[in-house]
């Protein structure tokens, strides 16, 4: 439209005076029939030519171009597309009038209306589908979250067997996995607690029952001779010592479970082992057991004051108690790649393969009858394991029945030179 209006304007610029006759003559020569209306106005905005005088200006007017600029306007009324364009008529650098053309296109209007209807329908369908998806998705999330909340309440009430049924790979599934792991840990902890209470009660009940039986025998048998009475009193003292050992072990385990902060100091492992061997040599002598040691110098570990003594004492004492008469115990200590390696090996009864994973479980005994005969409480290796872990170490066990058992503890080495810098 701008191009054709410019042609009309250029054709009319040759006229000295814009009057009806001269303008009509020029307009008859140009192609004006493709437009619904063509108007030519003088510099005052008065129409000197109008192809359709009965119509009003619907888009713009001839006066728009009297400023010297071509102007194009359009709009859509819902049925037709209306366009209007005006351009100035210039003569020797001045505006002497303007040309205005107008057209409306019903075909494009129908296309636009069809596109609008189609977009409206698509938007409506998309909105309904989106709303349905949102409702479905929200309901699914709400249902799954309510299920987790219901199971949380069951776990809070003590039902640790509750588990979330997992489906999909979204964040709710990850939350369900974490819930199941938490419930499983709580279930394991509750099982261990119940077993611990049961085992502790049983272990404490046994020496107490023996003490009561022996004391009742002394009280009720007035004719008991002095030798028998001394024997009964001695047995009462042994059971009391056993009860004391169990109590001390339980207190130590409770202290470790509460994670009480322990002040750690450099500990000379060689001195701790030598002190332990000195204390346990009488016990080894009663079974004709030979203690062999290979201890290297400068093996320091940062730990609690009594932690390393507890580890060494329990391992060596077990190696003596569960050894064969006339057997051997080998204690080795050496530094290795920034670690301190402690190994205690015996030539005793060994541990069956099926019991290897349970040796560090509290109150667990491979042979309960023989363990009680040796005065064991089933807590020594649990204390060793928890103490080693508390001091950032590791412990491994290997054994073969009738051949012997070997425990290997690894601790981070402590170097005084590095820590003094």
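In the working numbering, the protein residues as written are 293 to 713.
Ideal Cβ placement from N, Cα and C applies to all residues, glycine included.
Item	Value
Whose C-beta lies closer than 6 Å to the C-beta of residue 699 among residues of the same chain, with five residues either side of it excluded?	607, 636 and 689
Would you mind giving the Cβ-Cβ distance between residue 305 and residue 382, rounded to the nearest angstrom? I have them listed as a contact below 8 Å.	6 Å
If you run the structure through DSSP and keep just helix, strand and coil, what is residue 310?	coil
DSSP state of residue 376, grouped into three classes?	strand
Counting only runs that start and end within the stretch 327-391, where is the alpha helix (DSSP H) found for 4 or more residues in a row?	none
Is residue 390 near the ligand HEM, judged by its Cβ being under 7 Å from some heavy atom?	Within the structure as shown, the ligand HEM is missing, as the structure has no ligands at all.
With H, G and I counted as helix, E and B as strand and the rest as coil, what does DSSP make of residue 295?	helix
With DSSP as the reference, please indicate the residues paired to residue 584 in a beta bridge.	622
Skipping 5 residues on each side, what residues in its chain have a beta carbon closer than 6 Å to that of residue 614?	640 and 641
Taking the alpha carbon of residue 633 as the reference point, which residue from 471, 525 and 703 has its own alpha carbon closest?	703
Using a Cβ-Cβ cutoff of less than 6 Å, which residues in the same chain neighbour residue 391 once the five nearest sequence positions on both sides are dropped?	297, 300, 301, 332 and 379
Excluding the 5 residues preceding and the 5 following residue 652 in the sequence, name in chain order all residues of the same chain whose CB lies nearer than 7 Å to its CB.	673, 674 and 677
Mind the definition here: the stretch 557-568 touches the stretch 516-534 only if three or more C-beta pairs lie below 8 Å; say whether that holds.	no
May I ask you to report which of helix, strand or coil DSSP gives residue 589?	coil
Which of the three DSSP states, helix, strand or coil, is assigned to residue 615?	coil
With a threshold of 16 other CB atoms inside 10 Å of the CB of residue 602, please say whether the residue is buried or exposed.	buried
Report the rounded CA-to-CA distance for residue 450 versus residue 472, giving the unit in angstroms.	14 Å
Should residue 335 and residue 393 be called a contact, given that it needs their Cβ atoms to be closer than 8 Å?	no
Taking DSSP as the reference, what is the three-state secondary structure of residue 692?	strand
Find the nearest neighbour of residue 349 within the set 430, 368, 413 and 374, judged by alpha-carbon distance.	374
Can you tell which of 429, 456 and 425 has the C-alpha that lies nearest to the C-alpha of residue 439?	456
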